[in-house]
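Working notes, beginning with the structure itself.
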Amino acid sequence: MQFYYGPQMPLRILDEAEFWKHQEEEHTVVIRELVSGLEPEFVDALKKWEQALGETHQQVVRFIESVIRSGSQVSDQLYQQVLQLVTYCLQESESFIQLCEQIKTHSQAVSGNHTAKVVLNHIIRESEYFVGIAHALLSSGQ
Numbered sequence: 072m073q074f075y076y077g078p079q080m081p082l083r084i085l086d087e088a089e090f091w092k093h094q095e096e097e098h099t100v101v102i103r104e105l106v107s108g109l110e111p112e113f114v115d116a117l118k119k120w121e122q123a124l125g126e127t128h129q130q131v132v133r134f135i136e137s138v139i140r141s142g143s144q145v146s147d148q149l150y151q152q153v154l155q156l157v158t159y160c161l162q163e164s165e166s167f168i169q170l171c172e173q174i175k176t177h178s179q180a181v182s183g184n185h186t187a188k189v190v191l192n193h194i195i196r197e198s199e200y201f202v203g204i205a206h207a208l209l210s211s212g213q
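Residue 72 is where the sequence shown starts when you use this note's numbering, and the numbers rise one by one after that.
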């Protein structure tokens, strides 16, 4: 992601968050569908994550609507709320990555499924991409 969007930057990072929260939500389903015999504790955890990520996704959509309604003048208060939401999204993605790592490491059903390992690694990399974007934005003082 490029950082030359100027006053459109809050909308740009929210677009990224919206896309990646939706992706992560879908990834919970992909993992459950791909790994037959996945242990119940992981299935339950993924279902909870699907709901949580869906809620975060909807919150990001509401913020996008607020930023759009504000026009070219995003208030300092709204901007700070956007940064707080991005921080939350980043932390949520880091926790989701941890769950994926646990599944990859501790699931017997995954241990014998090369495709599942490849897909989990791909999902982890995608979430890490968003984490990198969010860290860059937050540390740049935008």
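Ideal Cβ placement from N, Cα and C applies to all residues, glycine included.
Is the CB-CB distance between residue i and residue j below 7 Å?
i       : j       : result
Val-202 : Ser-164 : yes
Leu-208 : Val-138 : no
What would DSSP say about residue i, mapped onto helix, strand or coil?
i       : result
Gln-213 : Confidence in Gln-213 is poor, its pLDDT being 48 and thus under 50, which makes the residue's placement too unreliable to answer from.
Gln-155 : helix
Ser-107 : coil
Val-100 : helix
Asn-192 : helix
Out of the options, which one is the CA nearest neighbour of residue i?
i       : options                               : result
Lys-119 : Leu-156, Trp-91 and Glu-97            : Glu-97
Glu-95  : Leu-208, Leu-161 and Ser-141          : Leu-161
Asp-86  : Gln-173, Ala-180, Leu-117 and Val-157 : Val-157
Glu-126 : Ala-180, Gln-155, Ser-141 and Glu-89  : Glu-89
Is any beta-carbon of chain B found at less than 7 Å from that of residue i?
i       : result
Glu-172 : Chain labels in this structure do not include chain B; a single protein chain is all it has.
Original post:
How do the segment 122-136 and the segment 176-191 stand: do at least 3 beta-carbon pairs fall below 8 Å, yes or no?
Top reply: no
Original post:
Are the segment 155-169 and the segment 193-209 touching by the rule of at least three beta carbon pairs closer than 8 Å?
Top reply: yes
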